[in-house]
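*Asks:* Residue numbers (my numbering): 9 to 426.
Glycine included, each C-beta is placed from N, C-alpha and C at the ideal position.
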């Protein structure tokens, strides 16, 4: 099933059509002047990963679509955005070269829409040294959230795993969670350990079974999780590997022996059909941003932007939503600046750090940045269940409970956001 077919299926499941979701309305972007920007371009960069283990272009695709819409509606104080993107191909050397090209060798004012396993770990120091802020959209490693110059609209695996574990403990009776993660210290180990800590802090227990990302043996990892004594299995994997694990579990008829939960990557519109009837009603997934059937005004605008300025094959998924949000929040901050300063990297960085209290129906809480060595504004979400034809919301916006979020909550208190 392609992304357009999948989106149509889900919107039909929610009692609306794709055309109805967009209300055939023109997208609203930036200054909304209806006149094309003609001034000196403002350079903005973006880095995505597209190679094994996956295609993460949807975040930069959505940012590109929004910037095209902005350029058609007055740009930034009359100046168009020149959005330049590079593919790191999940390769550290390529990631470093991409940052050098977009940041060190170019007068870019910011990076927007970044999405990769690799590039944030490689380039976090570069971004700090170069004084450039990154408004990312598809982060999956600790450096993305524990760095001074990177902030993302998506949550990453740690909060999303915690949201899934919290729901399983409170609603499914989970007492022992086995987390199947990637054997990457700043990804699978980092995020699975947070779930173990959460369970132990609430009278339960947990364990982790790790997959080698270079040669993943899903059967061995599943066997390790099954033999751990867990009552709940958390599939902390990209969608392709998560599907492989569930198919292996189906072959062994393990569905009813465990609760099955997952973070956001399994919220993929093609997943229900790929899993099939065996799993309907038995897999619970945390959604970092609003599920498509919520369909608030900003969600409708995202669809309208993609229809008018995106490509037909651009994914309409969570990372696409996140890319749209990063671009919108960036543009809103730029439009609030003195027109004389919008080409100055340092002043743009200050404007980004000054963001607080921006809202969208796509997010459960306010978006902010601030001046800190860590940034994780998105730590609340939805819980959905895979059913025939799509996803059913089983819990609407809820804050995740973990000691990990205490520093973020303290900053939010200082900013008057909680």
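1) Can you tell me whether residue 147 is buried or exposed, with buried defined as 16 or more other CB within 10 angstroms of its CB?
2) Using the C-alpha atoms, what's the distance from residue 216 back to residue 361?
3) Specify whether the stretch 68-84 and the stretch 125-135 touch according to this definition: at least 3 beta carbon pairs, one from each stretch, less than 8 Å apart.
4) What residues match up with residue 143 in a beta bridge as DSSP calls it?
5) How many Å lie between residue 359 and residue 377 at the Cα?
6) Do residue 154 and residue 337 have their beta-carbon atoms positioned less than 8 Å apart in this structure?
7) What three-state label does DSSP hand residue 394 in the structure shown?
8) Could you check the C-alpha separation between residue 398 and residue 303 for me, to the nearest Å?
9) What would DSSP say about residue 426, mapped onto helix, strand or coil?
10) With distances taken between CB atoms, is the gap from residue 277 to residue 329 smaller than 8 Å?
11) Taking the alpha carbon of residue 274 as the point to measure from, which residue in 387, 207, 264 and 254 has its own alpha carbon closest?
12) Would you call the stretch 70-89 in contact with the stretch 127-140, where contact means no fewer than 3 C-beta pairs closer than 8 Å?
13) For residue 395, which of 312, 417, 346 and 283 has the nearest alpha-carbon?
14) Report the residue from 33, 348 and 56 whose alpha carbon sits nearest the alpha carbon of residue 99.
15) Indicate the three-state DSSP secondary structure (helix, strand or coil) for residue 30 in the structure shown.
16) Got a sec? Which residues, its chain only, sit under 8 Å from residue 246 by beta carbon, not counting five neighbours each side?
17) Assign residue 331 to one of two classes, buried (16 or more other C-beta atoms within 10 Å of its C-beta) or exposed (fewer than that).
18) Going by other Cβ atoms of all chains shown within 10 Å of its Cβ, with 16 needed for buried, is residue 320 buried or exposed?
19) Suppose contacts are defined by Cβ-Cβ distances below 8 Å. Is residue 203 in contact with residue 173 by that definition?
20) So, for residue 421: in the same chain, excluding its five sequence neighbours on each side, which residues have a beta-carbon less than 8 Å away from its beta-carbon?
21) Let's test the definition: count the other Cβ atoms within 10 Å of the Cβ of residue 259 and tell me whether it reaches 16, buried, or not, exposed.
22) Return the chain-ordered list of same chain residues with a C-beta closer than 6 Å to the C-beta of residue 187, the five sequence neighbours on each side being excluded.
23) What does the alpha-carbon distance come out to for the pair residue 412 and residue 348?
24) Mind checking whether residue 48 and residue 82 have CB atoms under 8 Å apart?
25) CB-CB under 7 Å to residue 423, same chain, minus the five flanking residues each way: which ones, in chain order?
26) Flag this pair as yes or no: are the beta carbons of residue 169 and residue 212 separated by less than 8 Å?
*Replies:* This is what the structure holds:
1) Start at 1 with the first residue of the chain shown, and residue 147 comes out as number 139. Buried, since its Cβ has 16 or more Cβ neighbours within 10 Å.
2) Here residue 361 is taken as the residue at index 353 of the chain shown, counted from 1. Here residue 216 is taken as the residue at index 208 of the chain shown, counted from 1. In a straight line, the C-alpha of residue 361 is about 36 Å away from that of residue 216.
3) Touching, no, given that fewer than three Cβ pairs across the two stretches are closer than 8 Å.
4) Residue mapping note: residue 143 aligns to position 135 of the chain shown, counting from 1. Looking at the DSSP assignment, residue 143 forms a beta bridge with 120 and 159.
5) Your numbering for residue 359 matches position 351 in the chain shown. Your numbering for residue 377 matches position 369 in the chain shown. Roughly 10 Å between the two C-alpha positions.
6) Along the chain shown, one-based indexing puts residue 337 at 329. Along the chain shown, one-based indexing puts residue 154 at 146. No, the pair does not count as a contact, with Cβ atoms beyond the cut-off.
7) Along the chain shown, read from residue 1 onward, the residue named residue 394 stands at position 386. In the structure shown, residue 394 sits in a strand (DSSP, three-state: E or B).
8) One-based indexing of the chain shown puts residue 398 at position 390. One-based indexing of the chain shown puts residue 303 at position 295. Straight-line spacing of the CA atoms in residue 398 and residue 303 works out to 15 Å.
9) As a first step, residue 426 is located in the chain shown; it is residue number 418 there, counting from the start. Here residue 426 sits in coil by DSSP.
10) The count along the chain shown starts at 1 and reaches residue 277 at position 269. The count along the chain shown starts at 1 and reaches residue 329 at position 321. A distance of 8 Å or more separates the beta carbons of residue 277 and residue 329.
11) Taking the chain shown and counting its residues from 1, one reaches residue 274 at position 266. The shortest C-alpha separation from residue 274 is found at 254.
12) no
13) Reading the chain shown from its first residue, position 387 is the one you call residue 395. Residue 283 is the option with its Cα nearest to residue 395.
14) If you number the chain shown from 1, residue 99 lands on position 91. The shortest C-alpha separation from residue 99 is found at 56.
15) Against the chain shown, residue 30 aligns to sequence position 22. With a pLDDT of only 37 at residue 30, under the threshold of 50, the placement of this residue in the model should not be trusted; the figure read from the coordinates follows. Three-state DSSP puts residue 30 in a helix.
16) In the chain shown, counting from the first residue as 1, residue 246 sits at position 238. Only 61, 62 and 273 meet the Cβ criterion.
17) Walking along the chain shown from the start, residue 331 turns up at place 323. Looking at its Cβ environment, which holds 16 or more other Cβ atoms inside 10 Å, residue 331 is buried.
18) Indexing the chain shown from 1 puts residue 320 at position 312. Exposed.
19) Against the chain shown, residue 203 aligns to sequence position 195. Against the chain shown, residue 173 aligns to sequence position 165. Contact flag set, yes.
20) Here residue 421 is taken as the residue at index 413 of the chain shown, counted from 1. Cβ neighbours of residue 421 beyond the five flanking positions: none.
21) Taking the chain shown and counting its residues from 1, the one referred to as residue 259 is at position 251. With fewer than 16 other Cβ atoms within 10 Å, it is exposed.
22) In the chain shown, the residue the question calls residue 187 occupies position 179. The residues are 200, 203, 216, 242 and 244.
23) The count along the chain shown starts at 1 and reaches residue 412 at position 404. The count along the chain shown starts at 1 and reaches residue 348 at position 340. Approximately 40 Å, taken between the alpha carbons.
24) The sequence position of residue 48 within the chain shown is 40, counting from 1. The sequence position of residue 82 within the chain shown is 74, counting from 1. No.
25) For this step, residue 423 is matched to residue 415 along the chain shown. Only 364, 376 and 378 meet the Cβ criterion.
26) Position 161 of the chain shown, counted from the first residue, corresponds to residue 169. Position 204 of the chain shown, counted from the first residue, corresponds to residue 212. Not closer than 8 Å, so no.
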